[in-house]
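S.K.: Got a structure for you, written out below as structure tokens; questions coming shortly.
Residue numbers (the numbering used here): -12 to 202.
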């Protein structure tokens, strides 16, 4: 399934929870490139979600600017090591490791859909990044910015987390995907919403499951 386009600087890892397979993808281009990915992204450098992105998946969608994924068996998969051998059979991940200077995660997506009202008239609704009902949309990294971007979850969870360098965020499997714990994080960075940025759960606008930052 084509998810659209994401602007990255280089190394990108896609993670499939269902098959529990890690694959490595690399892109040195500064241009927008189309990526076929699963519902979780782990990037080595700044991740910027372009203005017309729209993600519709059967599961939640996570954008994480971590350096590594840590598994229960003690193994670790690093975005900064392109020579890491493929991991075809692995345990469920237990945490995310962040390097000395985690990159920014920026959402500028204001993608829209055309809907029809009760009278049959069409109207445009701006949804930005979107996931199916009762799923999780998570942006985790260094600084996290919604610069005019929109997040839509249809009654699901939105989680924004901003951590400083050398941090570890633990993961616990839950029906919606994973629950994040910041108990081991000592220092946080900033989360900002600007230019009419919007978080919409379609139940209570601006209702976030959790924002974790220093401000």
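Backbone N, C-alpha and C fix where the C-beta goes; we use that ideal spot for every residue, glycine too.
1) Out of curiosity, what's the CA-to-CA distance linking residue 83 and residue 147?
2) Buried or exposed: where does residue 181 fall if 16 or more other Cβ atoms within 10 Å of its Cβ makes it buried?
3) For residue 136, which residues from the same chain have a beta carbon less than 6 angstroms from its beta carbon, with the 5 sequence-adjacent residues on both sides left out?
4) Cβ atoms of residue 92 and residue 204: under 8 angstroms apart, would you say?
5) Bridge partners of residue 117, per DSSP?
6) What residues in its chain sit with their C-beta under 7 angstroms from that of residue 113, if we drop five residues either side in the sequence?
7) Kindly identify the DSSP beta-bridge partner or partners of residue 166.
8) What residue does the beta strand (DSSP E) around residue 123 start on, and which one ends it?
9) Please state if the CB of residue 143 and the CB of residue 205 are separated by a distance shorter than 8 angstroms.
M.R.: The relevant details are as follows:
1) 14 angstroms
2) exposed
3) 94, 95, 96, 115 and 184
4) Within the shown structure, residues of the chain are numbered from -12 to 202, placing residue 204 beyond reach of any answer.
5) 139
6) 97, 99 and 137
7) 159
8) 123 to 128
9) Coverage of the chain is limited to positions -12 through 202, which leaves residue 205 absent and any answer about it impossible.
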